[in-house]
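Below is one structure, written out as structure tokens; comments come after it.
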Amino acid sequence: MLKKLTITAIAFTALALPQAFALPVVPEAGISIGAGTKEQYAEAKVLPRTTIGYKRADRDQYGNQNDIYAKYNVIGSNVQLLGGWRNNIDHQSDSASFYGGIGVAAPHILGIQPYATYVKGSHFSEAQAGINYNIALGWGLNVNYHNYMPEDGDNEHGVGAGITFHF
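Under mature numbering (1 follows the signal peptide of the UniProt record, and there is no 0), the residues of the sequence shown are numbered -22 to -1, 1 to 145, in order.
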């Protein structure tokens, strides 16, 4: 398991390095934490275009899943490539899965930003659409609809809400 994590970290670093050297050093480092109806997360911007994070999702019938992920900004932060590793996937043939996907977001208008994401792993796929709202002083609100589709078992979908703080 540690070997898989190390390989994943090296792969994401290798993808990010060419852009890191081609761009000026920009003080855009930041940390975000959040909690929602079904998840908690923490993420940090480690390079101008790359963010890494950890998410814990509470699934109704599939246990508590842990994600270690990276987001790479392709076009600003409006189009992102997503990739990661998820473990503790109950009722699946293997309890861990690498995944990849895409996230798209509209520009902020009056503090509101609609977005959609889709990821596909070897044992699941997951889609989410929602709205982020910047409240003030680093605080944000999120309302979303998610659809988790495991390889084996029933889909889990519903509306969720959460709060985020950006340092």
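Idealized CB from N, CA, C, for every residue including glycine.
- The segment 6 to 18 makes contact with the segment 126 to 143; the number of CB pairs closer than 8 angstroms reaches 3 or more.
- Under DSSP, Asn122 forms a beta bridge with Gly108 and Gly138.
- When secondary structure is reduced to three states using DSSP, Gly79 falls in the strand class.
- Between the C-alpha atoms of Ala107 and Asp130 there is a straight-line separation of about 23 angstroms.
- Within its own chain, the residues whose Cβ lies closer than 7 angstroms to the Cβ of Ile90, once the five positions on either side in sequence are excluded, are Ile109 and Tyr111, listed in chain order.
- Between Thr28 and Glu21 a beta carbon distance of about 11 angstroms is seen, past the 8 angstroms cut, so the two are scored as non-contacting.
- Asp132 carries a coil assignment under DSSP once its states are collapsed to helix, strand and coil.
- Arg34 carries a strand assignment under DSSP once its states are collapsed to helix, strand and coil.
- DSSP places His144 within a strand segment (E or B) once states are collapsed to three.
- In terms of Cβ geometry, Gly41 and Phe76 do not form a close pair [threshold 8 angstroms].
- Taking C-beta atoms as the reference points, Lys33 and Gly81 fail to come closer than 8 angstroms.
- Annotated three-state conformation of Thr29 is strand, per DSSP.
- Selection Ala105, Ala83 and Gly8 evaluated against Lys23 yields Gly8 as nearest (Cα-Cα).
- Annotation for Asn44: the continuous beta strand (DSSP E) segment containing it runs Gly41 to Ile53.
- As computed with DSSP, Val57 is found in a beta bridge with Ile53 and Val82.
- Between Asn56 and Pro85, the C-beta spacing is below 8 angstroms.
- Counting only residues of its own chain and dropping the five nearest sequence neighbours on each side, Asp38 has a CB closer than 8 angstroms to the CB of Glu134.
- Counting every other CB atom within 10 Å of its CB across the protein chains shown gives Gly116 a total below 16, marking it as exposed.
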